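Peer 1:
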Amino acid sequence: MSASSLHASAVRLLESWSPTIDPERSLREAMRAFLDSAPRGCLREHAPGHITASAVVFSHDEREVLLTLHPRVGRWIQLGGHCEESDDTVAAAALREAVEESGIPDLTIDPELYGAQAHPITCSLGVPTRHLDLLFRVTAPEGAVPVRSAESTDLRWWPVAALPDNSDVLLRR
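Sequential numbering of the sequence shown, starting at 949, is according to the working numbering.
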């Protein structure tokens, strides 16, 4: 578990991902180039930008998605956050973040890359940076009840077909 294992896992994810639309192919190549130039680019200390681990959490029946109203972003987004050196892989970081932010134990993660996004943000570093989100599909067990953490203004299930207007979440079916 180290910056190098996180970096290697991010590279593997991007190499094995086959996006179907041009903007996603372009983002994949930009992220691969970023990682080629940033050996510690999976850690928040890398101020120009860093890989982050995100979890799109679906209900057991896939009818709902769990979103957080992020206090810094001000929109409804997927769960996730910074990778830590104690995370072996980016997928492990996404699962850790999903459990921490949802309060739901026994989440199941698909270890393949679900998608990617890039966002300019002023995160906990206190300076403008860029989050390069690697997204994973996560499924909650039946009857899962989320518990809002201190990292969220609000946390709730939303019907996949009726997301809030101020949401920013990538959904694939």
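All residues carry an ideal CB built from backbone N, CA and C; glycine is no exception.
It should be emphasised that the depicted structure is a prediction, and the values quoted were computed from it without experimental measurement.
Is it true that the CB of serine 1100 sits closer than 8 Å to the CB of leucine 1017?
Peer 2: A contact, by the Cβ cut-off of 8 Å.
Peer 1: Checking the sheet assignment: what are the DSSP bridge partners for aspartate 1009?
Peer 2: In DSSP, aspartate 1009 forms no bridge with anything.
Peer 1: Between the alpha carbons of leucine 954 and alanine 1046, how many angstroms are there, rounded?
Peer 2: For leucine 954 and alanine 1046, the distance between alpha carbons rounds to 17 Å.
Peer 1: Please name the residue, chosen from Ile1069, Asn1114, Ser1002, Leu1014, that lies closest to arginine 1020 on a Cα-to-Cα basis.
Peer 2: Answer by Cα proximity: Ile1069.
Peer 1: My output table needs one value for aspartate 1116: the three-state DSSP class, helix, strand or coil.
Peer 2: Residue state, collapsed to three classes: strand.
Peer 1: Among residues of its own chain, excluding the 5 on either side of arginine 1085, which ones have a beta-carbon nearer than 6 Å to its beta-carbon?
Peer 2: Here the set comprises Val1004, Asp1058, Tyr1062.
Peer 1: Rounded to whole angstroms, what is the Cα-Cα separation between leucine 1123 and serine 1050?
Peer 2: This structure cannot speak to residue 1123, because the chain is shown only from 949 to 1121.
Peer 1: Cα-Cα, which of Gln1065, His1008, Val1095 is closest to valine 1117?
Peer 2: Looking at the Cα atoms, Gln1065 is the closest of the given residues.
Peer 1: Rounded to a whole number of angstroms, what is the C-alpha to C-alpha distance between valine 1075 and alanine 995?
Peer 2: For valine 1075 and alanine 995, the distance between alpha carbons rounds to 8 Å.
Peer 1: Would histidine 1030 be called buried (16 or more neighbouring beta carbons within 10 Å of its own) or exposed?
Peer 2: Under this definition histidine 1030 is a buried residue.
Peer 1: Going by DSSP, what residue range makes up the beta strand (DSSP E) through valine 1086?
Peer 2: That run of the beta strand (DSSP E) goes 1076-1087.
Peer 1: At which residue ranges does the stretch 964-1014 contain complete beta strand (DSSP E) runs of 3 or more residues, listed in the order of the chain?
Peer 2: If we require 3 residues or more, the beta strand (DSSP E) runs fully inside the stretch 964-1014 come out as 998-1006.
Peer 1: In angstroms, rounded to a whole number, what distance separates the CA positions of valine 1038 and serine 1072?
Peer 2: One C-alpha to the other measures close to 19 Å.
Peer 1: Using only alpha-carbon positions, find the residue among Ser950, Leu1014, Pro971, Ser966 that is nearest to alanine 1109.
Peer 2: Per the Cα distances, Leu1014.
Peer 1: As a quick exercise: from Thr968, Ser950, Arg1023, His1008, pick the residue whose alpha carbon is nearest that of proline 987.
Peer 2: Comparing Cα positions, the closest option is Ser950.
Peer 1: Helix, strand or coil: which one does DSSP assign to alanine 1066?
Peer 2: Residue state, collapsed to three classes: strand.
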